[in-house]
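2 protein chains.
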Amino acid sequence: MVKNTDIRTAFEQVMAEDHEIPAKQKQVLAASLALFAEQGFANTTTKQIADRAGVAEGTVYRRYKTKDELLAALLKPMVTTVLPRLMGEFAQQVATMQDLTRHQLLAALIKNRAAFLAENWQVGKVLINEMLIQADLRQAVIQNAGPIIQKTLYPILDQLRAQHELTALPNDMVCQFIIGTMLTNVMRANLQGDFALFDQRIPYLIEFLDQGLAPK
Amino acid sequence: MVKNTDIRTAFEQVMAEDHEIPAKQKQVLAASLALFAEQGFANTTTKQIADRAGVAEGTVYRRYKTKDELLAALLKPMVTTVLPRLMGEFAQQVATMQDLTRHQLLAALIKNRAAFLAENWQVGKVLINEMLIQADLRQAVIQNAGPIIQKTLYPILDQLRAQHELTALPNDMVCQFIIGTMLTNVMRANLQGDFALFDQRIPYLIEFLDQGLAPK
DNA sequence: CATAAATGAGTGAGCACTCACTTACATAAA
DNA sequence: TTTATGTAAGTGAGTGCTCACTCATTTATG
């Protein structure tokens, strides 16, 4: 059985690789993420970060020289390292199951990645927010996430289509529909302020996607 | 034939009702919206607004006493007046067509409202951004948009279901899927920075939704 | 000529960021 | 086991700058 690292662990590992970050620095990163998610990056002061981290303001600036660097330190590893790893692990996991039906694949994908999405909605919020504003960040995300999706998801979809289990719609549209359906679900849960709803609706998502992506 | 007001006109009407707003004030509103969409609300200074509007900084403050009031002036009519009116018009338009098939309804809905979405993506961006940050704005949107959707879309869906043309999934999920599919399409177009793609993909959206929302 | 609209230099509050200094810790000599 | 010493981590009062907002004055309008 392939191990399926969760995000928290993966993020910790990435941080650990970065030459032993001291405890207070991790508190700073955690406090930053929490506050950015709650209030937005631009509305969060470095004093607030220091206070929530239980740290002096100067400490916030020890490792990262500007507030922007701090933001980048949170977002970049998420996009360039954590996400690829998690997608790769999913692909491996699927590869071990032979002759999946469309329904089985979707159920596996959604249950697996939906949990990921919900757990990391904090980062997701911040990422979406900044992507709406910064064109260069959009570019960076496209150039990282795009290839990952193509490498991990497209082969699976192609195989499924060869078994006459999948719609003839282009792969990129299939991915758009799957990802979009999941993303919408988190956003609605966030809108309603109740993440229990998120889980309850998952069976509906699977049923809808299963039917919508069936071959004619 | 029912007139289908576009957003710009509707917005102008709402503004006109507000007791004759002078030309320069409209320039301020337009400049604000453009800048908020480009850079985000928090990253936009009142000086920038004044410059783009071709106006002194004091003028920005004549009608709206704070920057937040200015934002509210842009978002509130959109949510409370413009959106309801446009949804109402769509419902009326659909009501005139008897015995719609699911495909016809979806095609009408998506072509109609997708154009709306694309045209107003500027406001949409700002709205999404602020909703991710302000809990009270989320509340306001829910309490306005929710009932509108229920009143305009649910009856149409119920009728369709009575004709055995629609899935048994709950109405709120059907709406989630329709809206989410459209929203995802704008967001991807925005991500790729090419709104021509938005239109090209519409036939795919219709095909996917038509199939996904068919009865078993 | 009265009232509303517009101006833009000015103001003070709050913010990101700095830096001289203190504390914690590791290694090693006494 | 103490003491010395170098290095990295942490501190928080201080600084200068940006920005939202004001107001005395000027300009348009009916």
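Same order as they appear, the protein sequences are chains A and B. Each step along the first sequence adds one to the number in numbering that gives the first Met the number 0, with nothing skipped, and position 75 is 74. Each step along the second sequence adds one to the number in numbering that gives the first Met the number 0, with nothing skipped, and position 29 is 28. Glycine included, every Cβ here is placed at the ideal spot set by N, Cα and C.
In this structure, DSSP gives K66 of chain B a helical state, which the three-state scheme calls helix.
Legend: CB atoms of the region 69–87 of chain B lying less than 8 Å from CB atoms of chain A are not found in any residue. Only Y203, L204, E206, F207, L208, D209, Q210, G211, L212, A213, K215 from the region 201–215 of chain A bring a Cβ to less than 9 Å from some Cβ of chain B. Only buried fits A52 of chain A, as 16 or more other CB atoms lie within 10 angstroms of its CB.
When DSSP states are grouped into helix, strand and coil, E129 of chain B belongs to the helix group. Under the three-state reduction of DSSP output, D198 of chain B falls in the helix class. At a beta-carbon threshold of 8 Å, the residues of chain A lying near I141 of chain B are L190, Q191, ordered along the chain.
A buried status is given to M172 of chain B, since no fewer than 16 other beta-carbon atoms sit within 10 Å of its beta-carbon. The DSSP-derived three-state label of A55 of chain A is coil. In the DSSP assignment, P169 of chain B falls outside any alpha helix (DSSP H) and carries neither an H nor an E.
In this model, H102 of chain B and K215 of chain A are separated by some 15 Å (Cα to Cα). Against chain B, a Cβ distance below 9 Å from K124 of chain A picks out L131, I132.
For the 7 Å CB-CB criterion, V78 of chain A and V122 of chain A do not form a contact. Taking a beta-carbon distance threshold of 7 Å, A41 of chain A counts as an interface residue toward chain B. If you ignore the 5 residues before and after A90 of chain B, its C-beta comes within less than 6 Å of the C-beta of T151, all in its own chain and listed in chain order.
Note on geometry: alpha-carbon atoms of K64 of chain B and G57 of chain B lie some 10 Å from one another. DSSP places A106 of chain A in the uninterrupted alpha helix (DSSP H) bounded by 101–118. Of the candidates B:A188, B:C174, B:Q149, B:A188 places its Cα closest to the Cα of Q199 of chain B. When CB distances to chain B are screened at a threshold of 7 Å, not a single residue of the region 102–116 of chain A falls below it. Per DSSP, reduced to three states, the secondary structure at Q162 of chain B is coil, with no helix or strand assignment. A straight line joining the alpha-carbon of Q138 of chain B with that of L190 of chain A spans about 8 Å. Excluding sequence positions up to five before and after F207 of chain A, its CB lies within less than 8 Å of the CB of T180, all in the same chain and listed in chain order. G145 of chain B has a beta carbon lying at 7 Å or more from every beta carbon in chain A. For P83 of chain A, the uninterrupted alpha helix (DSSP H) run begins and ends at 82–94, by DSSP. Q38 of chain A reaches chain B at I132, counting residues in chain order whose Cβ is nearer than 7 Å.
Counting along the chain, no alpha helix (DSSP H) covers F40 of chain A, and no H or E run does either. When the Cα atoms are used, L204 of chain B and N170 of chain A turn out to be separated by approximately 13 Å. Between the alpha carbons of Q158 of chain B and T95 of chain B lies a distance of about 13 Å. For N170 of chain B, the closest Cβ of chain A is not nearer than 7 Å.
With the criterion set as a beta carbon lying under 7 Å from some beta carbon of chain A, the members of the region 149–183 of chain B are L168, M172, Q175, F176, G179, T180, L182, T183, in sequence order.
Any Cβ of chain A closer than 7 Å to the Cβ of R137 of chain B would place that residue at the interface, and such an atom is present. Taking a beta-carbon distance threshold of 7 Å, N128 of chain A counts as an interface residue toward chain B.
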